[in-house]
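Asks:
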Amino acid sequence: MLLSFPGELLLNMLRMIILPLVIASLITAVAGLNAAEAGKIGRRTLIYYLSTMVLAALLGVLLALTIKPGKEDKPGKGGPSFKKMEYRNLDSILDVIRNCFPSNLIEATVKQRKTKYLATPAKYEMYNVTGSNLTLASMRKLLQHFIMVQK
């Protein structure tokens with residue numbers, strides 16, 4: 001979280017400045033065109049926008065119907081255990097700084113951002129294990145072998 005914080009601030013500042021720059025460049029470009037040419041470009045743009053919007057909606061519905069997001073593969077089995085993180089004082093300080101650099105000026109007037117923790121499954125990993133089917137019985141045999149060798 002701390003490593004991504006400066007990058008998040010930079011991206012918020014870039015998002016904040018991009019929209020006014022794009023709008024200003026579009027206004028100056030359209031102001032330089034004559035009316036017939038601007039209408040022709042506007043019509044093409046509207047048709048392109050509407051056609052891509054319809055294609056994206058159809059693709060989204062098709063993928064949602066085929067993939068079925070949120071459906072469990074094997075219902076009835078117990079889910080993984082989740083670890084819960086508490087909201088820390090550092091998070092509130094970072095949230096204040098994060099709210100000083102909004103990515104959208106209109107959104108910043110009505111919404112305050114707060115750190116949200118996602119529940120992630122707890123991972124338990126074993127290190128320095130040489131065999132994949134290591135059981136208690138095989139470990140006892142291995143220990144007895146090492147004790148015999150050392151005597």
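Quick note: the sequence shown, position 14, residue 14 per UniProt numbering, numbers continuous. Heads up, the beta-carbon is just placed ideally off N, CA and C, and yes, glycines get one too.
My output table needs one value for F101: the three-state DSSP class, helix, strand or coil.
Replies: One-based indexing of the sequence shown puts residue 101 at position 101. Coil at F101, not helix or strand.
Asks: Given M13, which residues of its chain have a CB within under 6 Å of its CB, disregarding the five upstream and five downstream residues?
Replies: In the sequence shown, the residue the question calls residue 13 occupies position 13. The answer, listed in chain order, is F101.
Asks: What would DSSP say about R88, mapped onto helix, strand or coil?
Replies: If you number the sequence shown from 1, residue 88 lands on position 88. Here R88 sits in coil by DSSP.
Asks: Are the region 6–22 and the region 93–109 touching by the rule of at least three beta carbon pairs closer than 8 Å?
Replies: Verdict: yes, contact present.
Asks: Does DSSP put Q112 in a helix, a strand or coil?
Replies: Along the sequence shown, read from residue 1 onward, the residue named residue 112 stands at position 112. Here Q112 sits in coil by DSSP.
Asks: Check whether the Cβ atoms of V30 and A38 lie closer than 8 Å to each other.
Replies: Locating residue 30 in the sequence shown gives position 30, counting from the first residue. Locating residue 38 in the sequence shown gives position 38, counting from the first residue. In contact: V30 and A38 (Cβ atoms closer than 8 Å).
Asks: Would you mind reading off the limits of the alpha helix (DSSP H) that contains P6?
Replies: The residue labelled residue 6 in the question sits at position 6 within the sequence shown. Here the alpha helix (DSSP H) through P6 covers F5 to A31.
Asks: If I measure Cβ to Cβ from L55 and keep anything under 7 Å in the same chain, skipping five residues before and after, which residues do I get?
Replies: Stepping through the sequence shown from its first residue, residue 55 is reached at position 55. Result list for L55: empty, nothing under 7 Å.
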